[in-house]
Each structure stands twice: as C-alpha cells, then as structure tokens.
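Protein chains in written order, with the working numbering: chain A, 13 to 240; chain B, 13 to 240.
Backbone N, C-alpha and C fix where the C-beta goes; we use that ideal spot for every residue, glycine too.
Since we're looking at a predicted model, the values are computed, not measured.
Here the structure is laid out as structure tokens; the discussion comes afterwards.
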C-alpha cells in the first residue's frame, strides 16, 4: 500500500521550497552583517513569516496524507520524518532572524577580523542545510552521513571564533560589547549546523530504520523497561 | 475511529517517564554547579543515554500505533505531536548535559553572585517543562498558555545575568573565563525554556487545531501558494 508518487512529490516540493527560503535567510543574515545593509537584515526578518506559514502548511499536508491515505512502512516514516524536519527548518530560520537582529546593532562599528571566519562558518552551515534536505528528498544515506561529518568543522570554527574574541575582550575591554555580539552570532550559526545534523540523523534513521543518533545509547545502556 | 484508551495511556506513560528523567537532569545540572559535586554532574551525563533510549522507543511506539491502528483526527494529532515533543525533550536533556559539563570546569573557582539568578531560572524552566508535558498529556490548553507566558521571565533573568556578567568582565578582566562559562550556562537554561515553550505551542495547536505560534504570520503575510 504505497502512496501515489505525485502525492509524496507534492510534499517534497513544499519542503524544498521552504528549505530554499531558509537557505536565502542563512546567506542574507551574514551578508547583512558584512555589508552593513539594513534592508538585507529586514528582508531576513520579513521572510521568517513566509517560512512559518510553510511550516504550518506542510504539517497540515502531512496530517492529511496520513489520515486519508493511511500509509505504512517507508511512506509513513517519510511523512513523519518530514514533519520533524520542517520543525528544524523553522527553527533554523529563527536563528537567521537572531543573527540579522544582532547584525543591525553592529552597523555602527567597523568590521572585525572574526567576520571572515563567521562568513566561512555560514557557508558550510548553509550547504549542510541544503544537503540535509536533499538527502531527505532523495533518501540518500551517504549524503546525510556527509552532512553529519561536516558539523565538526563548524564547531571548530565556532570555538576558534569564540576563543579569539574572548582573548580580544581580555586585551581590549573596550571591545566587549561588539565581541559578545559576534560570539552570539557565531553560536547561532553553530546551532544552524546542529539543526542540519539533526535533520541528517533523522534521514539516516528513516533510510536505514535504525537510529544513528542513539546507537551507542541503545547498545551501551540499560534500555527503558517495556511497560505493561 | 478512536484508539483504545489503554494504548494512548501507554504512550502517555512513556512520555511522562521520559519527562521525569529530563526534569531530574535539569535540576541536577544546576545542582552540580552550586554544590560543586562531580558525581552529580556525571549523573546528568549518564542519564542522557537512558533519555535517548526513551526517545527512540517512543518514536517507534508512535509509528507502530499509526501503522496498526490508522488513527485519524484527534488521536492522530496526539500521536504526531507526541513524536515532536519527545524530540524537544531529548534536546532539553542535551542542554542539561552541556550545563553539567561546564559546571565541572567551574569546580575550582568560588561561586559568583550570578548563581542565585541561575538557580531561579532553572527552577522556572524545570517547572515549565513539567507543566508543558502535563498540558500535553491532559490536553490542557490553559496550562499550555500559562507555560508560554512564563518564558518571558526566563528570558528576562537570562538578559539580566548576561548583562551583569558582561559588566563584571569589563570591570575585572580576570573573571572573563569564569563569567563566559556562566553566560553559556545561563543561555542553555534559556533554551530549555524555549523548548518548553515550543512544546506548549504544539499542545495548543493540537488542542485547538490552530497554530498559535504562527497566527500572526498566517494572518499578516502572504501565505505560500498552493502548488498543483
């Protein structure tokens, strides 16, 4: 009992459209910081409303598909994974809004050295989101695994940015306000990478029917007892 | 076509058990900081494995219920909401682990003034998580609304903690390392409050069949066009 292709195709298209808006927001929130262009920052904040509307519509579409088509097996897992993934996409867009709002506060101050590392982090995180969504749509386990492996690079860049800025704050306390805003921005990009990783883990779980994320936990710990 | 009561009851019980473990982790990660007791910090890290195992098992239970019972309407929404909620619970536990790990790094340093605000934030955030889960299990809209309203208090406390610590860093650069760890801890508690709020929003959506979270977006913005 498999769902007709065009119905899952429609769901995939909606998720791809939502994801492409989210990618633009990731790109533009850091572009706003670097170019100090207030209209770009405002664009990110406005786009968030449309992204939220997609979140709602995709959720409704998934509920509708489950209720009317009563999918099982692979189709059912695809749909429930889709519902979870859009929640992550929506939260990624919230991080882009956080970054855009902080970027606006930094328009008065000259750019700092950290900007190039932040731009690099943004580039990797944005690509991770794109590839995580593509891995979902194409049910591509290898691509999802690749996304997970790239998260370390974002984490390392974030640690390096945070450490550099902390050292700068110690040396020049006058920079504390600006540096702490940049730490906040850097950590928001790191969290975008985390969400992409979460999506990729859910894709692998979906494709393989096993839980990469908690593999060690299931193997190593006492699992919760079956009630009743 | 409603699911038999005992089946949803079993699902509710699993989610309540997972939530109670998560509440203990929230309590203990800050207790580890305040008491400087390494065994409490390690307990939080160990408990995370069991919490992850619950996440997996609840997800499987939900898939099984949908595939075998083919619920529609209210039961279906209850189950899909349950799947999303456990994802938030699992991530809350990750924040508790983050806090426990940072707390361990602060065992060498004397407690700071911020500890009392952090303890207060923890208390509110932990209660928010408990009430959010109870609002789900009891499908209690008013309780969910109450959770959402309390998030502002956590956000305000976090802002106050961060500002105090920033001022301290400016005045006494020797405190930068310790203060920045506490900022990280404070922000992790704030995010626990955000997850509780996310859960409560999903409960309201489930109960009312409308989306509190994105109400303004749906009303005010151009919704995405219906494809096909």
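Between residue 215/B and residue 144/B, the C-beta gap is smaller than 8 Å, which places the two residues in contact.
At the C-beta level, residue 130/A and residue 197/A come within 8 Å of one another. Per the C-alpha coordinates, the member of 177/B, 176/B, 189/B positioned closest to residue 182/A is 189/B. Going by beta carbons, residue 107/A and residue 203/A fall inside the 8 Å limit. Chain A places a beta carbon closer than 8 Å to that of residue 88/B, counting this residue as a contact. Taking a cut-off of 8 Å for Cβ pairs, the stretch 114–132 of chain A and the stretch 106–125 of chain B do not touch, as fewer than three such pairs fall below it. Separation of residue 62/B and residue 28/B (C-alpha to C-alpha, rounded to the nearest whole angstrom) is 14 Å.
Only 58, 60, 61, 62 from the stretch 43–62 of chain B bring a Cβ to less than 9 Å from some Cβ of chain A. Taking the Cβ atoms as the reference, residue 137/B lies roughly 13 Å from residue 173/B, outside the contact range of under 8 Å. As the crow flies, the alpha-carbon of residue 24/A is around 17 Å from that of residue 64/A.
In its chain, beyond the 5 residues on either side, 200 have a beta carbon closer than 7 Å to the beta carbon of residue 110/B. By the neighbour-count criterion, in which a residue is buried when 16 or more other Cβ atoms sit within 10 angstroms of its Cβ, residue 50/B is exposed. Taken atom to atom, the span from the alpha-carbon of residue 191/B to that of residue 185/A is near 14 Å. Pairing residue 70/B with residue 128/A, the inter-Cα distance amounts to about 43 Å. As the crow flies, the alpha-carbon of residue 205/A is around 7 Å from that of residue 140/A. For residue 193/B, the CB contacts under 7 Å within the same chain, skipping 5 residues up- and downstream, are 114, 117, 118 in chain order.
If you draw a straight line from the Cα of residue 96/B to the Cα of residue 124/A, it comes to about 40 Å. Residue 175/B counts as exposed, since fewer than 16 other beta carbons sit within 10 angstroms of its beta carbon. Collapsing the DSSP output to three states places residue 110/B in a helix. For residue 84/B, the three-state secondary structure derived from DSSP is coil.
Residue 151/B carries a coil assignment under DSSP once its states are collapsed to helix, strand and coil. Judged by DSSP in its simplified three-state form, residue 29/A adopts helix. With fewer than 16 other Cβ atoms from the protein chains shown falling within 10 Å of its own Cβ, residue 18/A counts as exposed. DSSP places residue 202/B inside the alpha helix (DSSP H), whose first and last residues are 188–220. Flagged as an interface residue toward chain B: residue 185/A, by a C-beta distance shorter than 8 Å.
Here residue 140/B carries a helix assignment [DSSP, helix/strand/coil]. Residue 121/B counts as exposed, since fewer than 16 other beta carbons sit within 10 angstroms of its beta carbon. Below the 9 Å Cβ cutoff, chain B contributes 78, 79, 82, 84 as neighbours of residue 82/A, in chain order. The DSSP-derived three-state label of residue 119/B is coil.
Taken through DSSP and simplified to helix, strand or coil, residue 19/A comes out as helix.
When the beta-carbon positions are compared, residue 34/A and residue 104/A come within less than 8 Å of each other.
Proximity of chain A to residue 75/B at the Cβ level (cut-off 7 Å) is accounted for by 88, 89, 92, in chain order. Here DSSP, grouped into helix, strand and coil, assigns residue 125/A to coil. In terms of beta-carbon proximity, residue 140/B stays away from the interface with chain A, with every pair separated by 8 Å or more. The C-beta of residue 117/A comes no closer than 8 Å to any C-beta of chain B.
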